[in-house]
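The structure appears below as structure tokens.
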Amino acid sequence: MDDGVTVAVDPHVHSAASYDGHDPVDLLLEQAAAVGLDGIVVTDHDTIEASLRAADIADDYGLVGIPGVEVSTAQGHLLAIGVEDCPPPRRSLDETVDIVRDMGGVAVVPHPFQRTRHGVRRRFIDDCDGLEVYNSWVFTGYRNRRARRFASEKGYTPVAASDAHVAPFIGRAYTELAVEDVDSPAEVDQEDVLDALDEGATATTGRRQPLHRSASHYLSGAARKAGYALRQRLPGIGSVPTPADSS
Numbered sequence: 002m003d004d005g006v007t008v009a010v011d012p013h014v015h016s017a018a019s020y021d022g023h024d025p026v027d028l029l030l031e032q033a034a035a036v037g038l039d040g041i042v043v044t045d046h047d048t049i050e051a052s053l054r055a056a057d058i059a060d061d062y063g064l065v066g067i068p069g070v071e072v073s074t075a076q077g078h079l080l081a082i083g084v085e086d087c088p089p090p091r092r093s094l095d096e097t098v099d100i101v102r103d104m105g106g107v108a109v110v111p112h113p114f115q116r117t118r119h120g121v122r123r124r125f126i127d128d129c130d131g132l133e134v135y136n137s138w139v140f141t142g143y144r145n146r147r148a149r150r151f152a153s154e155k156g157y158t159p160v161a162a163s164d165a166h167v168a169p170f171i172g173r174a175y176t177e178l179a180v181e182d183v184d185s186p187a188e189v190d191q192e193d194v195l196d197a198l199d200e201g202a203t204a205t206t207g208r209r210q211p212l213h214r215s216a217s218h219y220l221s222g223a224a225r226k227a228g229y230a231l232r233q234r235l236p237g238i239g240s241v242p243t244p245a246d247s248s
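Per our numbering: the sequence shown = residues 2 to 248.
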């Protein structure tokens with residue numbers, strides 16, 4: 002590409018600030034640099050403080066700093082990439098997409114159609130900026146292929162991400178972004194990344210997690226969903242313990 006570069010960003014990573022994350026942002030950034038990424042987006046569940054810190058110190062690791070958050074909408078999860086405040090949870094997906102854009106961010110639907118992981122169902126996705134077409138935590142490749150077909154049909158920017166909840170899995174999937182008018186990855190900033198996502202200037206790369214880890218992840222999600230359904234029927238019982246899960 003003339004007068005530009007391609008950078009590799011993992012746009013869906015969780016820190017210890019997520020209920021299902023484990024590692025501090027310093028370790029996540031160190032791992033990202035070690036595996037050759039140009040940036041990550043820490044997208045904790047409905048909290049942004051750790052992500053803001055990660056974005057602030059990313060340059061110390063030779064990475065572009067991009068804040069974000071995984072928002073719990075009424076229809077499922079949504080990645081708000083490039084925002085500096087946490088959008089209010091439990092609003093409709095469409096309203097949350099508008100809020101993310103008003104904040105100057107990009108709205109990406111992660112792990113679509115995966116109900117055990119709070120993925121948004123197909124019928125609720127009317128408008129977004131991008132779709133996670135490769136998530137390394139899928140149990141089989143079918144859901145990734147289905148997501149890719151849907152993104153292609155609707156013209157949504159394809160995105161790949163590790164959805165890592167521990168540092169060693171960062172970079173198992175990532176998005177390559179074509180950034181114009183810069184001479185080196187070191188010159189790329191947050192706005193360049195957001196522009197590339199918004200314009201669809203992406204390519205995706207990824208590997209699925211080992212089968213036994215994906216199976217454990219799937220069963221955790223199913224247990225969580227069953228517990229939630231039970232609490233809805235019997236609200237007085239409080240929380241139902243479930244295995245540690247990732248989403």
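Just so you know, even glycine gets a beta-carbon here, dropped at the ideal spot from N, CA and C. Fair warning: this is a prediction, and the values are worked out from it, not measured in the lab.
CB of residue i within 8 Å of CB of residue j, strictly
i: L80; j: H13; result: yes
i: R121; j: V110; result: A small correction: the amino acid at residue 121 is Val; Arg does not occupy that position in the sequence shown. Yes, they are a contact pair.
i: A18; j: T48; result: yes
i: G69; j: S52; result: yes
i: Y175; j: S163; result: yes
i: L94; j: G77; result: yes
i: V189; j: V65; result: yes
i: S73; j: R54; result: no
i: R146; j: F114; result: no
i: M272; j: D86; result: An answer regarding residue 272 cannot be provided, because it is not within the stretch 2 to 248 covered by the chain.
i: G40; j: I58; result: no
i: L178; j: V8; result: yes
i: L29; j: I171; result: yes
i: V194; j: H23; result: no
i: D199; j: V98; result: no
i: G5; j: E181; result: yes
i: F151; j: R123; result: yes
Cβ neighbour criterion (16 or more within 10 Å) applied to residue i
i: R173; result: buried
i: Y62; result: buried
i: S153; result: exposed
i: T206; result: exposed
i: E71; result: buried
i: A33; result: buried
i: E133; result: buried
i: A35; result: exposed
i: L235; result: exposed
i: R118; result: buried
i: D11; result: buried
i: P169; result: exposed
i: A204; result: exposed
i: Y20; result: exposed
i: R144; result: buried
i: A187; result: exposed
i: P89; result: exposed
Per DSSP, the bridge partner or partners of residue i
i: I41; result: D11, G66
i: L80; result: E71, V109
i: T203; result: L178
i: G5; result: E181
i: H46; result: E71
is_contact[residue i, chain B] using C-beta, thresh 8 Å
i: T205; result: In the structure shown, chain B cannot be found, because there is only a single protein chain.
Tell me the start and end of each unbroken beta strand (DSSP E) in the region 149 to 189 that is at least 3 residues and wholly inside, in chain order. 158 to 162, 174 to 181
For a minimum of 4 consecutive residues, which ranges assigned as the alpha helix (DSSP H) are wholly contained in the region 82 to 149? 94 to 103
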